[in-house]
Each structure stands twice: as C-alpha cells, then as structure tokens.
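First residue of the sequence shown: 1277, per the working numbering; consecutive thereafter.
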Amino acid sequence: MVDLKRSLVVGLRLRLRLGLGLWVLFLLFSLAFGQSGNHTLSLWDERVALLELRSSLGLRGKEWPIKADPCLVWNGIECENGRVVGINISGFRRTRIGKRNPQFAVDSLANLTLLASFNASQFALPGNIPQWLGLRMQFLEVLDLRLCGIRGVIPSSLGNLTALSRLYLSDNTLTGSIPLSMGQLSGLKFLDVSHNMLTGSIPPSFSALGNLSLLDMSVNFLSGSIPPQISSLWNLQVLNLSSNSFSSSIPSHLGDLRNLIDLDLSSNSFTGSLYPDLRGMRNLQRVVISKNFVSGTLPANLFSTLNNLQVVDLGHNDFSGTLPAALLTLPQLHLLDVSSNNFTGFLPNSTVITNITGALFNLSWNMLYGHLTPVLNRFSFVDLSGNYFEGKTIQLNASFDRNCLQNVPNQKNQSECASFYADRGLEFDNFGLPNATQPPTKPPGKNHKNTIILAAVLGGIGVIVLAALACLLFFLCCRKRGNRSQRGNGAGPVPAAGASTQPPGNVASLDLSRVGDSFTYQQLLQATGEFNDSNLIKHGHSGDLYHGVLEGGIPVVVKRINLQSLKNDGYLMELDLFSKVSHIRLVPLLGHCLENDNEKFLVYKYMLNGDLSNALFRKTNPEDDGLQSLDWITRLKIAIGAAEGLSYLHHECTPPLVHRDVQASSILLDDKFEVRLGSLSEVCPQEGDPHQSRITRLLRLPQTSEPGPSGAPSPSTSYDIYCFGKVLLELVTGKLGISAASDASIKEWLDQTLRHISMYDRELVTTIMDPSLIIDDDLLEEVWAVAIVARSCLNPKPSRRPLMRYILKALENPLKVVREEHSGSARLRATSSRGSWNATLFSSWRLSSSDTAAAPPPAYPQRPEIGASGLKKVDTSGSHSQSQGSGKNSGGEHSSSRRRHLKDIFPEPEPELQDVEKQD
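Shown next as structure tokens:
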C-alpha cells in the first residue's frame, strides 16, 4: 500500500515538472518570436478593448472565443509586434442577445491606437458614425462600412484621418451633404459613398484629392453641376456620378482626366452637347451617358483615338445627326447603345472589323434610314427596331421590327415609309414591303368658286349657331346661380370608365408602332407558365396581373384582359395613351398581344418593389416574422415621384389628363424605389377646371364633380388631387388602405385625423404619425409639412384644392413650407418669407382680410386658365395681372390680387375646418 502511494506521488511530481517545462518552453518561444508576425497580444489594454468590442457588438464565440489569444485564434484580427493593426468583422453574425438592440457601438476602438484597418462591411451597425472616430484614429488607413445600415450625416471629423487611403460608405442611408473637410484627405485613393441619400453638390475642396483613383457617388440625390476643380484629379480612373440630379451641361474640363478608365454619368439631368474632348482619354474603356437630356451631334473624330473603348452607352438622350464611322469600328467594342435618340442619315459603310464574340449594338428608335451595311456584321446581335431602313436584310442576328425592310414581318406601312423618304427628297424602294398599301392618291381638283360659296354658307350658319349657343349658356348660368345652394361640393365618386371620352374605335385606328413590341400568345404562355396561379400577382379592376419572365431572363408583368367578363375597351384607351404620351414616371409598356378575339394582353416592365400598398411595410428576410417599415426619406421620395407623374398628366399634356385611380396600389416602385404610375386604363382628358377664373366659369356649363347627363361626374384633376391627399396621409400615418377606401367608410377616421394637422402646432402631428418612423427634428418638420399638404388636398371644395405643380414644389421643399426664413428667430411657423412661392401655400389659413391688405403680391407665375380656346400660355416673367373684379376687402386692387393668388395656389380651408384648427 505504501509503495502504491509512493509511486503516485512520484508520478504527480513528474507531471508537474513536465507541465512547468512546457510552460517555460512556450514562454521562451513567445519571447523569441512574439516581436513579429501575428502572434500573442502583449498589451493588456488592447486585449480589454477587444473584449469590450466583442461584447458591445454581440459577436459570437465561434469567431472570437473569449479564452483564446486574439492574435493567434480570433478571426479577422491582424497583429504586428503584439499590437492590433487590423480588424475585419465583415459578414459576421451577432449573437441572439446582440440582435435585440444592435447599435453602432465601437467606442473601444479608441484604445486600439495603432489600428490601421477596420472592415465592418455587411455587419449591422445601425446608428450614426461617431464624431470621435475621426479624432482618435490617426493611423487608420482603411475604413470599410459598406452595407452596415448606417444613418445620419457623414461627420466632418473624418477629414482628420489624414492617413486614410480607402473609405467605403456605400449602401447605407446617409443623409445631408458631403462635408468640405473631406478635401483634407490628400492620401485618399478610393472613395465610395454610392447608394445613400446624400444631397447638395460635390465640394470644391475635392480638388486637393490628387491621389484619388476611384470616386463613386452614384445613386444619391446630389445636384448642381460638376465643379471645375474635379479636373485636377489627375490619377482618377473611375468616376461614377450616375442616378443623381446633376444638371447643366457636361463640363469640358472632364476631358482633362487623362487616366480615366470608367466614366458613368447616366440617369441625371445633363443638358447641352457632349463637350468633353474624349480624344485625350486614351485609357478610357467605358463611357455611359444614357438617360439624360444631352443633345447635338457627335463630332466625326470624337472616338478616333479611343482604341481601348469596350462599352459606349449614349441611349435615351436627344443626340442628332449621323453616327460617326469611328464609333462603329472601335476594335475592342463589346457594347454600343445609341437607342432612343434622334440620330438620322445612312449607316457608315466602313471597312468591316472582325466579329467580336458577344458584341451588342442597339440603335433602336432613331430615324436612321437607307440600306443595311456590312459594318453591322461585326456585332453578334443588333437591335434595329424603330427606324426606317429599307431594302433587303443581310445575314445578321438582329431585331428588324418597325422598319421599312422587304419581306420582313412587323414593318411600318408603305405610306409612312414613303412619306418619310419623300420629306428628305429620297426615293423609297417599296418592292416587297409586307402589308403594303398604296399611298393615298391626290383628290381631284375642285372648283374654287363652289368652295367660296360653300364657305360663305357655312360661315353664316356658324354665326347663327354661336348666337343661339351664347343665349343657351347665359340661361344655364342663371339657372346654376339659382340652384347653387342645392348642389354638393364634395369630392364625389370615382368617374366611371369611359364617361368622358370615347376610346379608339378599334385596334386598327391605333399606331401600335409607338406602344412597344408585338408578342405572340405562345410567348406569353411560356413567360407566365401558362398563366399559372402561382404567378398571379392580383386581380386588377381592368384585368388579372401575372408575373412572367421573357426569353433572355427579362422579368415582366402581363395583364390578361378577358373581354367577355369586363365588357370594356379600357385596353384600347391605355394603348392610345401610351402612343401619345411618354414620361419616366409612367410604368413602361413593353408590348402587347392582341391576336385573340376574347382576350387581350398588355406587357409591362416588372417593378421589383411592387406597389406602395405592399412596400410600405415589407419583409426584408423571409425567415423573419417581423415587417420593416419604409423610412421617411424613402416615403418622401415616393410622394415626390408620384407628384411628378401627376403633374405631368395635369400640366404638361394638352388637354390635361386625369388619372382617376390614384391610390397606393397604383404607385409602382422599381428596384430603387423610383415611382412609376400604373393603373392607366382609366386616364382620360379633363372636361373642366375647378381653378378657372370667374369669367371662364361664367361662360362654361356646370362641371367638376357635379353629375353630367350620363349621371357620372365629369373627370377633373381636382379629383386626382383629393385622392393624392389620401396617399400622403397613408405615408404619414402608416395606415394602409386609406387611399383605396371610399370617403364614407373612412369619414370618421379622416375627421379625427385632420384635427391633428395644424400649422400652429408641430407636435400635434406626432399623435397621428406612423409609430414605426424613427426621425429627428428636421425630419419631423418634413412630416409636418407633408401632413399640411395632405390636408390642403383634402379640401371639400374642389376649387380650393392646390394645383399639382404647386403640390410638387411643396414636397420638393418641405422645410420651406414650415420654416420662417426672413426672421432671425428659429421659431417654426407655417409660412415663409414674403415674395417666395411657399409664402402662398398656407398663409391664407391664418391671415384675415386686414392682414392681407398690407402685404405685397407674391412673386410667382400665374396659374393657367382654361377657357373655350384651350390652355393659355402661362406668364412666367414675374409680372402679375390685376385682379378681375373688385376686391372684397379695403386693400384695393393690390390686396385683392394677392388674395386671389393665395386662393388659387393653396386655397383656404372650409370655415368649419378653420374653427377646428383654432380650437386645437
């Protein structure tokens, strides 16, 4: 027994000696090799900082095990000489507890004084970038915060990170302008702030970023012009300013960027000609200027020296003239898009260059003509549709639709082609043109004497008819005044389809060449899986909507119209509309299928985010049971986009067009939440104007919302405005279904809600605001302003609702609606400085007649008046016509003119609403 105990003690001693020896060896190894490489952490403060960071970010033990050495075991930790120099948590996941309240909590980074790189891309960091980050991280060289959910403004302190070479802030919700201090980052090589909500312009201080190689500011709300200082960025290789609101002309100084490889200015509002001299950019490989308003011709030698060009996209502009031969023969070209311009003339007959595999050429929807030339053979696929090419086709993989080619289906008719060539003094070769019809013959000559006699007789009859009509109008106006008290002034129901205008009699009367492609029924069956129920989006009032995918992977929405059940020609009205109007805020119609007698099909571009009724609250993760609400910036963007579309219909179309189905389900949203108005089968011309002058109202029949002979109300833009007011309330309150509900079903809710919208009290709106919105004071002012606009739109009297173009101005400048600019006080009010357009918005809600008498007339253009002769030209010179008739107050003509402007643009609410507001 004693021997057993002795042997155990000896064994224990040996184990202790062995363990001590191994520990000494590990210590010696650490001392020998711990001064270089990624080895043990020597500074206790940094270890504590990493543990604090692990806790504040809620990182899992799988990536950062708490008992292990960070430099040896932790993922994404880089050490040098026992100090932390790099942290990469890109794509890490939080613990279950960390997911409950994720924040931008990285305060412990301040203790990692030698940190050179921090990469948190795709890791949730909701919150603002702290100011101290730019004050205490002096050695930081790389800061990557892409896709982190960051909000707020870019702190000006980041300008102190003078060692910074790479700064990535893209795919967040950053707001405000880019700070001037960013120009202090002289060592910066990569700057990416794309896919945010930044405003303002490019700071001129960027001229100091001489080492910058990449500048990506795409998909923001930046505006203004490109500053000349940007030409000093000699090392710039990538410049991406796409999808912003830059305007003016493309500056010539861009041609000084000699090292540029990629230039993208697409989806802006650039105008003028293509000024930059690209010939010096010998390294340029990609230039994209599509979807702007650039015009003029392309110089013949503009692309002569750019032999490295691979992508040229000039589509959807206003370019004219002929296509330069050098453009079509660039040796490295893979994509050339000049579609939807005004290019004309013959194709260059240049020497054919060897075909490049996969090269695409899109010259659709221009005015090119003549015969097809061999230069097209160098491209793998060519889209020639929508031009006037004649003669025979060549062996080519191409789309030939809507041309004047021989023996090719779906071409323009002979009459149109012959007229086009005759206008240019050219002879049209119409041999073999399919479906050709003989051009109209010249009518035989008529006796001029008989014509004069006939004109005199008709003129006399016309005078008699006009006199009788004037008497009838006078009688009806007198009757209207006598019965005025018996007529309602409410918004009225939705106008019935077809009540105001006659649709085209049949498909033959439409110009289908202007309404997209012609699809076959078999193509649509294949695209929608034979209209499988799994692809059904919804049952619309004008047809069933299906999701589909065309050949080539293009997603579309197909509207299936059953004429046996619907019994209307709404699809003809919609086709007629698309053949006459075009705007970026209208849903793109890609084509149609009209070959079946009982069913018709319209094909639209697929909107990734659906409509507003589904997108206001949406799932961001299929595995998550919760819904995420659209942030306020996106909601305001949607409101502005919808107002732009309606303003186009109301004010830029002649005659004005009425949508008649404005609701959340009609507001479609693409992948960037840009608005496209849908449900256009009800659109029709306006029959009256609730904002007309007294003289015009006196000379017109009863109209607006009052029933006509058919029993249905006449279509009016004021009805669209009323419905748009309900959409704005939906955005403010988050209450779904308001815009789709009838007035009777939500009357009580509207009455209660409008009581909480007051221009005298900002905080009242918080009682009706969507509780899911997270906003600061500035955004609360915007919510308040939009609520006030909504209340104005919902005025019970159609004649007192604002015009859509002024609603658009108010939404584009919401803070100007509720901030007083001419006073040194920061006190909020529902007016602005006198003489500005927004001074007229809501001042009529609070000003009495005596207040108005002393005020000068506002400086904004008069509204147009619609009379018997149609739309009159608006005076934008700044002068103001005198008020028609005498004013009712003691201020004379001066006050009366201003009073009339106030009522026209943002009219006074009803007396009962004023009483409610004063009580509030």
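The beta carbon of each residue, even a glycine, is placed where N, CA and C say it ideally should be.
Outcome for residue i when other beta-carbon atoms lying within 10 angstroms are tallied against a minimum of 16
i	result
Y1664	buried
G1337	exposed
S1462	exposed
Q1840	exposed
T1930	exposed
G1410	buried
R2076	buried
V1324	exposed
S1494	buried
K1856	exposed
K2251	The structure shown does not extend to residue 2251, since the chain spans only 1277 to 2196, so no value can be given for it.
V1614	buried
D1659	buried
A2061	buried
E1263	Examination of residue 1263 is not possible in this model, given that the chain is present from 1277 through 2196 alone.
R1268	It is not possible to answer for residue 1268, since the shown part of the chain is limited to 1277 through 2196.
S1941	buried
F1305	With a pLDDT of 46 at F1305, under the threshold of 50, the modelled position of that residue is not reliable, and the figure given next carries that caveat. Flag for F1305 reads exposed.
For residue i, three-class secondary structure by DSSP
i	result
I2033	coil
R1370	strand
W1852	Looking at the sequence provided, one finds Asp at residue 1852 rather than Trp. Helix.
P1504	helix
Y1822	strand
G1768	With a pLDDT of only 36 at G1768, under 50, the local geometry of the prediction cannot be trusted, and no value is derived from it.
M1458	helix
D1532	helix
L1977	Note that L1977 scores 38 on pLDDT, short of 50, meaning its location in the model is unreliable; the coordinates nonetheless yield the value given after this. In this structure, L1977 counts as coil in the three-state DSSP scheme.
N1511	coil
R2081	helix
S2155	Reliability fails at S2155, whose pLDDT of 33 lies under 50, so the model's placement of it is uncertain and the value that follows must be treated cautiously. Here S2155 sits in coil by DSSP.
E2039	helix
A1674	strand
P1346	helix
I1997	helix
H1815	strand
F1466	strand
G2013	coil
Y1444	strand
G1597	strand
M2045	coil
C1693	helix
Nearest residue (CA-CA) to residue i, options the options
i	options	result
G1886	E1920, G1867, V1832 and H1926	V1832
I1830	G1816, L1848, I1813 and T1804	T1804
D1538	L1327, T1547, L1578 and S1489	S1489
T1547	V1564, S1524 and L1560	S1524
S1636	L1599, V1588 and F1676	According to the sequence shown, residue 1636 is Leu rather than Ser. Nearest C-alpha to L1636: V1588.
D1937	L1612, E1328 and G1816	G1816
G1452	G1435, L1464, P1431 and N1436	P1431
I1373	A1694, L2030, S1332 and N1679	S1332
Y1880	I1997, G1792, Y1697 and L1652	G1792
Y1924	M2080, P1624, S1957 and R2031	M2080
C1960	E2058, L2004, L1851 and V1382	L1851
G2010	A1891, E1928, L1554 and D2027	A1891
G1328	D1345, D1383, W1350 and S1318	Note that residue 1328 is Glu in the sequence shown here, rather than Gly. The option with the nearest alpha carbon to E1328 is D1383.
Residues that residue i bridges to, as DSSP identifies them
i	result
E1354	G1362
H1471	Note: H1471 sits in no beta bridge, so no partner.
T1620	M1643
C1680	E1666
P1480	P1480 is not bridged to any residue.
P1831	V1825
S1393	G1362 and V1418
R1836	D1820 and F1877
P1961	L1933
When the Cβ atoms of the region 1461-1475 are set against those of the region 1434-1444, are three or more pairs found closer than 8 angstroms? yes
Inter-stretch contact (C-beta, 8 angstroms, three-pair minimum) for the region 1383-1397 and the region 1354-1361: yes
The region 1910-1924 / the region 1944-1954 touching (three or more Cβ pairs under 8 angstroms): yes
Does the pairing of the region 1471-1486 with the region 1507-1516 give three or more beta-carbon distances under 8 angstroms? yes
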